[in-house]
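Student:
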Amino acid sequence: MSRIRGIVAATALIALLMSSGCGRVGFLSDGAPDPSALSSRMFQEPMPSVLEKLGYRVFSSFADGDSVHLELNRIGDHRSPFGDEEKRKIRDAIYGHIGYEFPLEIEGRVLGDVPETTGRITAIDGDRLLIVDSERRIGMDKRPDAAWYSFGGSDARLRMKDSGEAVSLSDLKIGYTVEAWSEGLMLSSYPGQTSGLELNIVSADVGGPDLKGTVKKLHWNESDADDRYLEVGGQRIRLMKFTQYLVDGQMSSAEKLREGDLVELRFIGYSIMPNEQAATQVVVRHGTDRG
-11 MSRIRGIVAA TALIALLMSS GCGRVGFLSD GAPDPSALSS RMFQEPMPSV LEKLGYRVFS
49 SFADGDSVHL ELNRIGDHRS PFGDEEKRKI RDAIYGHIGY EFPLEIEGRV LGDVPETTGR
109 ITAIDGDRLL IVDSERRIGM DKRPDAAWYS FGGSDARLRM KDSGEAVSLS DLKIGYTVEA
169 WSEGLMLSSY PGQTSGLELN IVSADVGGPD LKGTVKKLHW NESDADDRYL EVGGQRIRLM
229 KFTQYLVDGQ MSSAEKLREG DLVELRFIGY SIMPNEQAAT QVVVRHGTDR G
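Per the numbering used here, the sequence shown starts with residue -11, numbered consecutively.
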């Protein structure tokens, strides 16, 4: 029984010390602020929400000696430099939430004039655009530089490069040439994945199809999205989950596709499997060259 009392008393003492300041999260044993713990708190709620209300998103945070280095994206304005007064207000908000001051270096991320990628939109999946730069090769196998850019954020900016006219996601088409900037983090998958901040349409010329011909065979496995393909011009072409179907000029679905249809296909821009192409857009004109 005395041992149980001792454990309860020790637990109560620890709680008392933490509530009174000794042993608090964010402090070292000597009472100095712990930059590593404080850096981690920048990603823990409610701190992201506190900063978002001020108009910022945390990009990175790390301990640098006895200080915390915090890098932020400004919501809505991705190009204006961060001023000293702006940084002071951010520090005050953080100190007010944490409850004490500590060495804090703040850096604002701003987009540069040079885009992160310039290429063609080869696929559209909701608010995601697959942008492929066929001129730039990456990796050991020298595949085209390709990445999915998600432009679903409220502060994403899309416009025509020449006129500066704003456009919406619904205005974008497969085949457009674009340049894009991201928030800075890119998943290392292939294609890469990131959140887009800005996009300029360099050219709205979609060009011609990658392949045109008659559908000789259509295979559609309802339960396996990776087992769907058609054969055109002696080639087996995979159909993706995000493949677009345009039938007689209108957005449609794969159910309208039939063997014997004359189709125009646009490819994803890189090989999914050796000797296999994937179509991201199928344009169908019924009644034309049916076999």
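From the three backbone atoms N, C-alpha and C, an ideal C-beta is built for every residue, glycine too.
How would you call Phe31, buried or exposed, if buried means at least 16 neighbouring beta carbons within 10 angstroms?
Tutor: Exposed, because fewer than 16 other Cβ atoms sit within 10 Å of the Cβ of Phe31.
Student: I'd like the list of long-range same chain contacts for Glu219, defined as Cβ closer than 6 Å, with 5 residues on each side in sequence excluded.
Tutor: Excluding sequence neighbours, Glu219 sits near Lys204 and Lys205.
Student: Considering only heavy atoms of the ligand MN, does any lie closer than 7 Å to the CB of Pro262?
Tutor: For the structure depicted, the ligand MN is absent and the ligand set is empty, with no information on it obtainable.
Student: Write down the C-beta distance between Pro91 and Val56 rounded to the nearest angstrom, noting that I regard them as a contact closer than 8 Å.
Tutor: 7 Å
Student: Could you give the distance in angstroms between the alpha-carbon of Gly11 and the alpha-carbon of Gln232?
Tutor: For Gly11, the predicted model reports a pLDDT of 39, less than 50, meaning its position is unreliable and no value from the coordinates is stated.
Student: Do the CB positions of Ala51 and Ser68 come within less than 8 Å of each other?
Tutor: With contacts defined by Cβ atoms closer than 8 Å, Ala51 and Ser68 do not form a contacting pair.
Student: Here's a check: name, in chain order, each residue in its chain whose Cβ is nearer than 8 Å to the Cβ of Asp215, leaving out the five neighbours to either side.
Tutor: His207 and Asn209
Student: Taking the straight line between their C-alpha atoms, what separation do you get for Gly9 and Ser211?
Tutor: For Gly9, the pLDDT reaches just 39, beneath the cut-off of 50, and the residue's location in the model is therefore unreliable, although a value from the coordinates is still provided. Going by the C-alpha atoms only, they are around 58 Å apart.
Student: Candidates Thr105, Ser240, Asp22 and Leu160: which alpha carbon is nearest Glu89's?
Tutor: Asp22
Student: Hey, how far is the Cα of Gly172 from the Cα of Gly107?
Tutor: 18 Å
Student: What are the complete beta strand (DSSP E) segments, minimum 3 residues, inside the region 160 to 190?
Tutor: Runs found: 165 to 170.
Student: Below 8 Å between beta carbons: does that hold for Leu199 and Gln223?
Tutor: Result yes, Cβ atoms of Leu199 and Gln223 sit closer than 8 Å.
Student: Quick check: Thr105 and Ala135, are their CB atoms within less than 8 Å of each other?
Tutor: yes
Student: Unbroken alpha helix (DSSP H) runs of length 4 or more, entirely within the region 62 to 131: which are they?
Tutor: 72 to 86
Student: Count the other CB atoms within 10 Å of the CB of Glu95; is the residue buried (16 or more) or exposed (fewer)?
Tutor: exposed
Student: What does a CB cutoff of less than 7 Å around Ser48 pick up in its chain, not counting 5 residues either side in sequence?
Tutor: Excluding sequence neighbours, Ser48 sits near Glu59.
Student: In three-state terms, what does DSSP make of Pro38?
Tutor: Looking at the sequence itself, residue 38 is Val, so the reference to Pro does not match. Three-state DSSP puts Val38 in a helix.
Student: So, using beta-carbon positions, are Ile112 and Ile189 closer together than 8 Å?
Tutor: Not in contact: Ile112 and Ile189 (Cβ atoms no closer than 8 Å).
Student: Compute the Euclidean distance between the alpha carbons of Pro132 and Ala20, then round it to the nearest angstrom.
Tutor: 50 Å
Student: Does the pairing of the region 137 to 153 with the region 180 to 187 give three or more beta-carbon distances under 8 Å?
Tutor: Enough Cβ pairs lie closer than 8 Å, so yes.
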